[in-house]
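The next block holds one structure in the form of structure tokens; read it before the comments.
Residue numbers (full-length UniProt numbering): 1 to 285.
What follows is the structure, given as structure tokens:
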């Protein structure tokens, strides 16, 4: 009876390891894609550290699966080396995983403000230097497309938490195409041509049917944002900054991170219990 229980636990443990390997691989690929597509938002060093961290996690989980299979095969041949392999595997891999997760949690909590400020700074620099200009440059096209997509989907504008639309005032895009003194009709200062705007169209609010509420009011209003930093709110303009909007979007799906954390905790516990039961099984053989 004990051998059957051990065998069932062993089978479950192997399957659970395989599932974790698949999940870890998926997260690794996803993180690489995200950091590649958002590399202008965060510092390259931070991006690289997080990517390498997930890659190492995947490699550790893969080693868990491979060593488990090898250990299972050795157990079938009744080689006592199995016990040594299992003990080393559980101690090293679980300790590294635990320290890695603990380190990530500490870094994210301690340096949250710095990371947030850095993201705002990087996004502002991208808007000022690369957005909407010199489309013959591939990177400029890339940055413009990503910022437009982010503003449209997250209903945000610019980088700052408040008055993010003001970030465009200091941009090269605004200098060439915006409603500045060089582009306005000098003798008719209150008339604004639709080609000369304060913000791009992706900063404009949309209704549930994905239609602009008032695109012209959003882009050309002078007595309130975006034309004036004071004067009340503009209901046709997205007033939230994109860094804050991204944080809120991630907060809505924090249950995903909670589930992953619970799965890792289950893994750590099952690894310990599995190793104990394997040792019992080998001794009883």
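For each residue, glycine too, the CB sits at the ideal point set by N, CA and C. It should be emphasised that the depicted structure is a prediction, and the values quoted were computed from it without experimental measurement.
| Item | Value |
| --- | --- |
| Helix, strand or coil at residue 248 [DSSP, three-state] | helix |
| Counted within 10 angstroms of its Cβ, other Cβ atoms place residue 151 as buried (16 or more) or exposed | buried |
| Beta-bridge pairing of residue 178 - partner residues as DSSP gives them | 197 |
| Candidates 134, 139, 153 and 220, of which the one nearest residue 202 by Cα | 153 |
| Close-in-space but distant-in-sequence residues of the same chain around residue 245 (CB under 6 angstroms, 5 per side omitted) | 154 and 156 |
| Beta-carbon contacts of residue 41 that lie in its chain and below 6 angstroms, excluding the five residues immediately before and after | Residue placement at residue 41 cannot be trusted, given a pLDDT of 49 that sits under 50; what the coordinates show is reported in the next sentence. 119, 122 and 123. |
| Nearest to residue 176 (by Cα), restricted to the options 143, 129 and 248 | 129 |
| Short Cβ contact (8 angstroms threshold) for residue 127 with residue 158 | yes |
| DSSP three-state assignment for residue 130, whether helix, strand or coil | coil |
| Expected contact under 8 angstroms - CB spacing of residue 301 and residue 235 to nearest Å | No answer is possible for residue 301: it lies beyond the span of the chain, which begins at 1 and ends at 285. |
| Beta-carbon proximity of residue 223 to residue 173, cut-off 8 angstroms | no |
| DSSP state of residue 237 mapped onto helix, strand, coil | strand |
| Residue 136 in three-state terms, based on DSSP | coil |
| Residue range of the alpha helix (DSSP H) that includes residue 218 | 215-220 |
| DSSP-derived helix/strand/coil call for residue 203 | helix |
| Given residue 228 as reference, the closest of 140, 169, 250 and 251 once Cα atoms are compared | 169 |
| Exposed unless 16 or more other CB atoms sit within 10 angstroms - verdict on residue 241 | buried |
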